[in-house]
Ligand code: SF4
Ligand code: SF4
Ligand code: SF4
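Residue numbers (this note's numbering): 1 to 353.
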């Protein structure tokens, strides 16, 4: 592949043909701030935070959509660039509620971080008050507060490009421009399957996780990376644990099978973990009821009954049903137990039904 040499902040770097200035800068370890850009989504260049100055060009260019070219000289933090970014942020904040104190995203909000980095205050001429109803959509999992929307369109792209549902779109123009579900209906009516991808990609608190609202912020939780137990795909994500309770599931961008993507079960199906009805001890049937037992008692009973049944009726009177909720290793062991210990090939799996 042909390579391109160009200068960025006084350094000569190399890019592959077709790479954008942003991609080449990232490879070279040079940071250009972004907001609407996400490595998983098609770059659109609409937020204008990643603008850079290219010598000899009249206008600033969005680095996420401008291809690197031989010999260009790029400045990522010139006075003109910084002034432009500050103005862009000021325009965003002019139409944004000052809710950082109570916002779930406080501390992990990309807009908040950039406003801090560029020391941008809310302009006195900005609009006051909320324009949209808070928690405006009845979706049980995604909390919608478009007062915090900066119209970056990541939700639109995540839903269309990753989930292929095309729930979100952009309606109206100018100051009235807003994100809408379908033809301005509810998310579920617009074919939403509540995967939460849009909330995961939203850089602000405009789309967030309803079940986690008010329970804790990113810096207060311990993240534990784990593998989903719902099916055999092997998606990974981070359990967000606070005071020994899972308060939220967040995407882990480095998950090998799924990246940021999760289905509704993986992202939001965690409330069973702390459910009071959940079995936490083995139960042994006695008459019409069950009595609590220790694991040793339960396992001894299972072993002796399986041995007895095998003795009386032969190994093929026993069948083993494994589960996609177990790991591959556990499923391997259960078929080993069936074949090598009991002597039957009667092994099946709930995911095959
Ligand atoms: S979305 Fe970000 S900037 Fe807006 S209120 Fe929440 S934390 Fe603050
Ligand atoms: S929850 Fe999933 S399907 Fe629903 S709008 Fe968001 S990305 Fe689309
Ligand atoms: S809801 Fe979030 S992701 Fe969607 S456009 Fe607004 S800020 Fe961007």
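C-beta: ideal position from N, C-alpha, C; glycine also.
With distances taken from CA atoms, which of the options is nearest residue i?
i	options	result
residue 99	86, 87, 122, 31	122
residue 129	94, 318, 42	94
residue 52	194, 38, 8	8
residue 261	1, 54, 198, 131	198
residue 22	2, 61, 3, 226	61
residue 104	84, 85, 204	204
residue 17	39, 71, 30, 45	71
residue 223	230, 231, 246	246
residue 233	196, 175, 323, 318	323
residue 113	35, 134, 74	35
residue 141	102, 118, 196	196
residue 166	265, 189, 20	189
residue 41	259, 211, 242	259
Just the Cα atoms here: how many angstroms apart are residue i and residue j?
i	j	result
residue 215	residue 244	13 angstroms
residue 10	residue 248	44 angstroms
residue 192	residue 125	37 angstroms
residue 235	residue 158	17 angstroms
residue 177	residue 153	12 angstroms
residue 325	residue 272	13 angstroms
residue 111	residue 4	33 angstroms
residue 69	residue 6	7 angstroms
residue 106	residue 251	18 angstroms
residue 83	residue 73	19 angstroms
residue 346	residue 311	17 angstroms
residue 282	residue 108	41 angstroms
residue 351	residue 231	7 angstroms
residue 293	residue 284	6 angstroms
residue 64	residue 30	13 angstroms
residue 339	residue 296	23 angstroms
residue 162	residue 217	26 angstroms
residue 342	residue 138	52 angstroms
residue 267	residue 333	28 angstroms
Is any beta-carbon of chain B found at less than 8 angstroms from that of residue i?
i	result
residue 126	No chain B appears in the structure shown, which is made up of a single protein chain.
Go ahead and label residue i buried or exposed: buried means 16 or more other beta carbons lie within 10 angstroms of its beta carbon, across all protein chains shown.
i	result
residue 213	exposed
residue 354	The structure shown does not extend to residue 354, since the chain is modelled only from 1 through 353, so no value can be given for it.
residue 209	buried
residue 240	buried
residue 201	buried
residue 184	exposed
residue 358	The structure shown does not extend to residue 358, since the chain spans only 1 to 353, so no value can be given for it.
residue 27	exposed
residue 276	exposed
residue 291	exposed
residue 164	exposed
residue 274	exposed
residue 101	exposed
residue 270	buried
residue 134	exposed
Alpha helix (DSSP H) containing residue i: first to last residue?
i	result
residue 334	328-336
residue 266	264-268
residue 302	295-313
residue 348	From DSSP, residue 348 is part of no alpha helix (DSSP H) but of the beta strand (DSSP E) over 347-349.
residue 3	Premise fails: residue 3 lies in the beta strand (DSSP E), 3-8, not in any alpha helix (DSSP H).
residue 54	Run containing residue 54: none in the alpha helix (DSSP H); it sits in the beta strand (DSSP E), 51-54.
residue 87	79-94
residue 321	That residue, residue 321, is in no alpha helix (DSSP H); its beta strand (DSSP E) goes 320-322.
At what residues does the beta strand (DSSP E) containing residue i begin and finish?
i	result
residue 287	Taken as a continuous stretch (DSSP letters only), residue 287 belongs to no beta strand (DSSP E), as it is neither H nor E.
residue 242	236-242
residue 101	Premise fails: residue 101 is in no beta strand (DSSP E) and is neither H nor E.
residue 23	Where residue 23 is concerned, there is no enclosing beta strand (DSSP E), although the alpha helix (DSSP H) it sits in stretches over 21-27.
Subject >> Under 6 angstroms, CB to nearest heavy atom of ligand 2: contacting residues >> reply: Listed by position in the chain, the residues whose beta carbon lies within less than 6 angstroms of some heavy atom of ligand 2 are 142, 158, 159, 163, 165, 167, 168, 187, 192, 193, 194, 195, 196, 197, 198.
**OP:** Mind listing which residues have their beta carbon within less than 5 angstroms of any non-hydrogen atom of ligand 1? Chain order is fine.
**Re:** Taking each Cβ in turn, the ones that pass are 99, 100, 103, 105, 106, 109, 111, 112, 148, 204, 205.
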